[in-house]
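Undergrad: Quick note on numbering: the sequence shown equals residues 4 to 260 in the working numbering. This is the structure I want to talk about, given as structure tokens.
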Amino acid sequence: MKIGFFDSGIGGLTVLGHALKILPFADYIYYADIKHVPYGEKTKGEVRQYVQTAMDYMAEIKVDAVVIACNTATSVADAKLRRNYSFPIIGMEPAVKPAVAYCQEIGKKILVLATSLTLREEKFRQLIHRLDATAMVDTLALGGLVKFAEQFEFDTLEVNQYLQKEFASLKLSDYGAVVLGCTHFPLYSKLLQQYFTTETVFFDGSVGAMNHLADILEQKGVAPSLDDKLKFVITNGKLPPSDVDYKKILQAYVHSI
């Protein structure tokens, strides 16, 4: 069983962490496109090309399935692109649906944190409309967190100053749920929780997506691997991290969930 993971950088490690628990007997190839990170500031056409390049690579190495472990990339990976490949492609969707169900019961609002491109995309607007949740959902683009994450900054003075500035116009106690709509953001879960009330519930779609992946592979009858392996493919960037950096972050995240 060979599963490909694709993200603009380290954010997808938060999804891979859940996969390692749900599907431990598999070979994983993690493709980090740090040459073009952050995706949230790129055009839809640019991101679509990055996705296609990554999917072409996955086709070459003959994976059984691919996880686009990036909300922004998922938002532009349309059905036409997916039809070009024989393997199933699992994407990430902001976990708005369970957040809506939760907040309808307690009478509070929802704050969706994501990149600007994810929030602008028609897929996201359709999701909110389908759930009839326009009045209860607020959104906030936190693309700066992606940049901090790619520099391995997780709880620095600069990160806190950035969050304080971005949250300044919001009354955070109004929110009963926060949706982490970018796979980089779970790396900041503990820090973000400090800005909200202790009753605020955080939602992210990783577990649901990985359970969906497991169901698809079972339906396809894909056999588990006898010797599970993990390989990192990192596109050239100005300061390319090493496999060791990625493995340290992955191990720390796995221990935290």
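Just so you know, even glycine gets a beta-carbon here, dropped at the ideal spot from N, CA and C.
1) Rounding to the nearest angstrom, what Cα-Cα distance links A35 and G14 in this structure?
2) Since K5 sits in a beta bridge, which residues does DSSP pair it with?
3) Can D67 and K5 be called in contact, C-beta distance under 8 Å?
4) Using a threshold of 8 Å, state whether the C-beta atoms of T203 and I37 are closer than that.
5) Taking only the alpha-carbon atoms, compute the straight-line gap between Q197 and Y249 and give it to the nearest angstrom.
6) K112 by DSSP, collapsed to three states: which one?
7) Can you give the Cα-Cα distance for N87 and I64, rounded to whole angstroms?
8) Hey, which unbroken runs of the alpha helix (DSSP H) at 4 residues or more fall wholly within the region 143-223?
9) Taking the C-alpha atoms as reference points, what is the distance between P91 and D141?
10) Does any residue of chain B have a CB that is nearer than 8 Å to the CB of L233?
11) Strictly by DSSP, which residues pair up with V236?
12) Between the alpha carbons of D231 and I32, how many angstroms are there, rounded?
13) Which residue or residues does DSSP assign as beta-bridge partners of V333?
14) With distances taken from CA atoms, which of Q222, P101, L84, V69 is nearest G184?
15) According to the Cβ coordinates, are Y256 and G20 closer than 8 Å?
16) Comparing alpha-carbon positions, which option in S209, K223, T201, V225 lies nearest I260?
TA: For this structure:
1) The C-alpha of A35 lies about 9 Å from the C-alpha of G14.
2) Answer by DSSP bridge pairing, in chain order: D30.
3) For D67 and K5, yes; Cβs fall inside 8 Å.
4) No.
5) Spanning the two alpha carbons is a distance of roughly 26 Å.
6) In the structure shown, K112 sits in a strand (DSSP, three-state: E or B).
7) Whole-angstrom Cα-Cα distance: 15 Å.
8) Look at the region 143-223 and you find these whole runs of alpha helix (DSSP H), each 4 residues long or longer: 146-153, 160-170, 192-196, 209-223.
9) About 32 Å.
10) Within the model displayed, chain B is absent; a lone protein chain is all it includes.
11) Paired residue(s): Y34.
12) Rounded to whole angstroms, the gap between the alpha carbons of D231 and I32 is 11 Å.
13) Outside the displayed range of the chain (4 to 260) lies residue 333, so it cannot be described from this structure.
14) It is P101.
15) For Y256 and G20, yes; Cβs fall inside 8 Å.
16) Cα-wise, what sits closest to I260 is S209.
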